[in-house]
Amino acid sequence: GQNIDQPTEMTATEGAIVQINCTYQTSGFNGLFWYQQHAGEAPTFLSYNVLDGLEEKGRFSSFLSRSKGYSYLLLKELQMKDSASYLCAGGWGGYNKLIFGAGTRLAVHP
Amino acid sequence: DVKVTQSSRYLVKRTGEKVFLECVQDMDHENMFWYRQDPGLGLRLIYFSYDVKMKEKGDIPEGYSVSREKKERFSLILESASTNQTSMYLCASTKQASSYEQYFGPGTRLTVT
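Residue numbers (our numbering), protein chains in the order written: chain A, 1 to 110; chain B, 111 to 223.
This is the structure:
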């Protein structure tokens, strides 16, 4: 199968940096997404990695190592509004199908 | 901006009822998806469609069917609702020739009593 694993919960302090890890099985993998989902709302796109390396987008960065089946999402200068679930999702096969991890619930404290 | 809308934000139905959840996207996307989201399980794919009248089973199709008569509209049908189908249902769409980025609707929280 194409299991995606990520921690269930994390906590961090406002202004700090947090790294959310995601591991996946590498067979047939096409690329990796990160989505943010606030409670009761739809997931919104954060980043997409298809090549190895770091993609930076403002306070958020995402890293991918295809050979290791590993990705992380790095959030800098944390704000209270960053409290949300972060979903790691991998693309496999055709028709743009995604396989989602269970999500990491991040709580940012003052 | 891409817009994906769902017919209801909240829905309460009784066991055995037939339930229709509708999703509409306005960006001419070929692919549309239905997921359910449950605590600790993440998003699980129920069905997807890659063209009008075309559909494929996802990971958990049992108890569900779908309909895609027009490109912009994808319906999820619960033939006989059961309490274990109480969940958040999310619709998404994506353009076939682009990246895998999926655009999500706001979700429908369905409660079956």
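From the three backbone atoms N, C-alpha and C, an ideal C-beta is built for every residue, glycine too.
From a predicted model like this one, the values you see are computed outputs, not experimental measurements.
- Around the beta carbon of residue 149 of chain B, fewer than 16 other beta carbons lie within 10 angstroms, which makes this residue exposed.
- Residue 152 of chain B and residue 13 of chain A have their C-alpha atoms spaced approximately 25 angstroms apart.
- Taking a cut-off of 8 angstroms on C-beta distances, the segment 78–94 of chain A touches the segment 33–42 of chain A, as three or more cross pairs fall below it.
- Here the alpha carbon of residue 54 of chain A sits roughly 23 angstroms from the alpha carbon of residue 9 of chain A.
- Proximity of the segment 126–145 of chain B to the segment 195–209 of chain B meets the contact definition, three or more beta-carbon pairs being nearer than 8 angstroms.
- With fewer than 16 other beta carbons inside 10 angstroms of its own, residue 122 of chain B counts as exposed.
- Neighbourhood of residue 87 of chain A in chain B, by CB distance below 9 angstroms: 152, 153, in chain order.
- Any Cβ of chain B closer than 8 angstroms to the Cβ of residue 43 of chain A would place that residue at the interface, and such an atom is present.
- The continuous beta strand (DSSP E) containing residue 89 of chain A extends over residues 84–92.
- As computed with DSSP, residue 222 of chain B is found in a beta bridge with B/123.
- The count of Cβ pairs closer than 8 angstroms, one atom from the segment 19–31 of chain A and one from the segment 68–79 of chain A, reaches three, so the stretches are in contact.
- Rounded to the nearest whole angstrom, the C-alpha separation of residue 42 of chain A and residue 113 of chain B is 12 angstroms.
- When C-alpha distances from residue 105 of chain A are compared across A/88, A/30, A/32, the shortest belongs to A/88.
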